[in-house]
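Input: a single structure, listed below in structure tokens.
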Amino acid sequence: MFLIPESYYSIKSTQHKGRGVFAEHDISAGTVIGDYLGTIIPTKDAIQTEHMGTYYMELTKTHSAIAEKDGEGIHLINHCCTHNVGVEDYEGHAIFFALRKIFHGEELTVNYNYGPPNETTCNPCRHTCHCESQFCKGSMHSAGDKDSLITHEYSKHSQMFEEEIAALEGKMLPALLSYPNEIPDDSFFDLFGYPLAEPITRTDIEIPPLEELRKIIRNSGLAIHFQKFRLHIYGIRDDTIIARRT
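Using my numbering, you'd call the opening residue of the sequence shown number 26 and step up by one each time.
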């Protein structure tokens, strides 16, 4: 379910990823974009549906939501290794929000963050990444240490809703009565500037701390070029600056 006005997004066919979601207006950093709604089923069963061409959303340790494949919901947001949309656990729901400013015409993308491959989820593996980002990892799987952190964060928020979600098995997850308007920044999320736009040029005599770099990228939506250091910062991944000398 989208939570932004219909005029702010469109659904279009993409070359390699089926349908995708595109911004029809600039979207400010932190804006809540939508809620993943779908039928609640055991996650062990949800894994078996991946061949149908839609991804499920884990909501608790045992249950997931799976959207209608042909519907036009938030589930149409595709994966990218340098994504511009994050997912926040909120009252048992998976809330999608803008990690940074998103520009008119830009595709909305999210990191699917599949855990490390195993015989259950990857037999055969369908999680090769085709995002064609400059920093594509070639896979939608997260590394083991990153997966542990994701699981830890997810468990902290979802455990109080386990019984409530389990009771909905076989039913559609209902929308919440109200939603936040904005989600604040969190260093847990990777953050990259829009690669098709010119970077912000800065004349600082020192490289700002990581927190300030995140703030610049988040609010502007852009990469950063530091003239004095001839340094182009593309983004931040796992608290590491991704950059090159120019």
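All C-beta atoms in this analysis are idealised placements derived from N, C-alpha and C, irrespective of residue type, glycine included.
Since the structure is predicted, the reported quantities are computational estimates derived from the model, not experimental observations.
DSSP three-state call for residue i: helix, strand or coil?
{"i": "Ile230", "result": "coil"}
{"i": "Ser212", "result": "coil"}
{"i": "Asp70", "result": "helix"}
{"i": "His88", "result": "strand"}
{"i": "Met185", "result": "helix"}
{"i": "Thr176", "result": "Note that Thr176 has pLDDT 49, beneath the 50 cutoff, so the model's placement of it is unreliable and no number is given."}
{"i": "Ile36", "result": "strand"}
{"i": "Ala48", "result": "strand"}
{"i": "Ile242", "result": "helix"}
{"i": "Ile190", "result": "helix"}
{"i": "Glu97", "result": "coil"}
{"i": "Glu237", "result": "helix"}
{"i": "Glu207", "result": "strand"}
List the residues that DSSP assigns as beta-bridge partners of residue i.
{"i": "Thr134", "result": "Asn103"}
{"i": "Met82", "result": "Ala90"}
{"i": "His257", "result": "His250, Arg269"}
{"i": "Phe121", "result": "Gly59, Val112"}
{"i": "Ile278", "result": "This structure cannot speak to residue 278, because the chain is shown only from 26 to 271."}
{"i": "Phe217", "result": "Gly260"}
{"i": "Ile29", "result": "Answer by DSSP bridge pairing: none, since Ile29 is not bridged."}
To the nearest angstrom, how far is it from the Cα of residue i to the Cα of residue j?
{"i": "Asp95", "j": "His108", "result": "23 Å"}
{"i": "Leu174", "j": "His250", "result": "In this prediction, Leu174 scores a pLDDT of 47, lower than 50, which makes its location untrustworthy; no coordinate-derived value is stated."}
{"i": "Asp114", "j": "Arg270", "result": "37 Å"}
{"i": "Ala123", "j": "Phe186", "result": "25 Å"}
{"i": "Met82", "j": "Gln40", "result": "24 Å"}
{"i": "Ala92", "j": "Leu28", "result": "16 Å"}
{"i": "Pro30", "j": "Lys253", "result": "42 Å"}
{"i": "Gly63", "j": "His104", "result": "19 Å"}
{"i": "Ser158", "j": "Cys106", "result": "7 Å"}
{"i": "Glu207", "j": "Leu247", "result": "20 Å"}
{"i": "Gly45", "j": "Asp229", "result": "38 Å"}
{"i": "Thr265", "j": "Val135", "result": "19 Å"}
{"i": "Leu133", "j": "Ile58", "result": "10 Å"}
{"i": "Ser35", "j": "Arg243", "result": "23 Å"}
{"i": "Glu237", "j": "Glu231", "result": "12 Å"}
{"i": "Thr74", "j": "Lys162", "result": "24 Å"}
{"i": "Met26", "j": "Glu97", "result": "8 Å"}
For residue i and residue j, which I take to be in contact (beta-carbon distance under 8 Å), what is that distance rounded to the nearest angstrom?
{"i": "Tyr61", "j": "His100", "result": "6 Å"}
{"i": "Lys37", "j": "His155", "result": "That belief does not hold up - the Cβ atoms of Lys37 and His155 are roughly 16 Å apart, past 8 Å."}
{"i": "Ala54", "j": "Gly130", "result": "The Cβ separation is near 17 Å, so there is no contact."}
{"i": "Asp51", "j": "Lys126", "result": "6 Å"}
{"i": "Ile120", "j": "Val112", "result": "7 Å"}
{"i": "Glu116", "j": "Leu201", "result": "6 Å"}
{"i": "Ile225", "j": "Ile241", "result": "7 Å"}
{"i": "Ile65", "j": "Ile190", "result": "6 Å"}
Exercise. Would you check if the segment 242-261 and the segment 212-224 touch, i.e. whether three or more CB-CB distances between them fall below 8 Å?
Key: yes
Quiz prompt | the segment 84-91 contacting the segment 56-74, beta-carbon criterion three pairs below 8 Å | solution = yes
Quiz item: Should the segment 219-234 be called in touch with the segment 196-208, which here means at least 3 C-beta pairs below 8 Å?
Solution: no
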